[in-house]
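In our numbering, the protein residues as written are 21 to 179.
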């Protein structure tokens, strides 16, 4: 009984930071033992990076169109990159270096694809259409958003 109480007390004292560190250590151990698993994790983080960069780019469009506040933009970008950063934190050393180059290339590509000037009024109008990109981005703030009246958007809807 005394041992059970000590375990319960110790587990009640774990913090989210402790849990994250334990997760990272366990993931790195698995990845070091299985190259196929390490490659799978790397591919997953690259996919998460693609979504995070898309969210960064679209959030910038929303700010330039004056449809998103700076606070909402920061929150959306942080939430959009959260899974990528967690996955990135467990990459092996050589994967991390390669991933940093990949991520920078994705960001530069998104900027180049976006054109050289601010969005046009027509582009901003399209961005703000009901159920469109703006509403989908706002689902990343943690606040409820409606695609149409009475139809709730899923949290973290893909833009």
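Backbone N, C-alpha and C fix where the C-beta goes; we use that ideal spot for every residue, glycine too.
What span of residues does the alpha helix (DSSP H) with residue i cover, start to end?
i	result
residue 163	First-last for residue 163: undefined, no H or E at that position.
residue 97	90–108
residue 125	113–133
residue 178	Premise fails: residue 178 is in no alpha helix (DSSP H) and is neither H nor E.
residue 41	36–53
residue 143	141–147
residue 154	153–158
Considering only residues of the same chain and omitting the five flanking positions on each side of residue i, which have a CB-CB separation below 8 Å?
i	result
residue 66	119, 122
residue 33	none
Please confirm whether residue i and residue j have their CB atoms less than 8 Å apart.
i	j	result
residue 88	residue 79	yes
residue 81	residue 139	yes
residue 168	residue 152	no
residue 90	residue 161	no
residue 77	residue 134	yes
residue 51	residue 112	yes
On the DSSP bridge assignment, give the partners of residue i in chain order.
i	result
residue 75	In DSSP, residue 75 forms no bridge with anything.
residue 171	168
Can you tell me the Cβ-Cβ gap for residue i and residue j, rounded? I've got them flagged as a contact below 8 Å.
i	j	result
residue 85	residue 147	6 Å
residue 74	residue 179	7 Å
residue 72	residue 104	5 Å
At a cut-off of 7 Å, is residue i close to the ligand FMN when judged by its beta-carbon and the heavy atoms of the ligand?
i	result
residue 133	Ligands are entirely absent from the displayed structure, and the ligand FMN is therefore not among its contents.
Can you name, in chain order, every residue of its own chain whose Cβ lies under 7 Å from the Cβ of residue i, other than the five neighbours on each side?
i	result
residue 26	Below a pLDDT of 50, predicted positions are generally treated as unreliable, and residue 26, at 45, falls in that range; the measurement from the model is reported next regardless. No residues qualify anywhere along the chain.
residue 155	165, 167, 173
residue 44	109, 110
Please work out which residues of its chain come closer than 6 Å, Cβ to Cβ, to residue i, disregarding the five sequence neighbours upstream and downstream, and give them in chain order.
i	result
residue 5	Nothing can be reported for residue 5, as the shown portion of the chain is limited to 21 through 179.
residue 100	72, 75, 160
residue 177	156, 159
residue 95	161
residue 144	85
residue 57	50, 51
Hey, does residue i have any beta-carbon neighbour from chain D nearer than 8 Å?
i	result
residue 142	Looking at the structure shown, chain D is missing, and only one protein chain is on hand.
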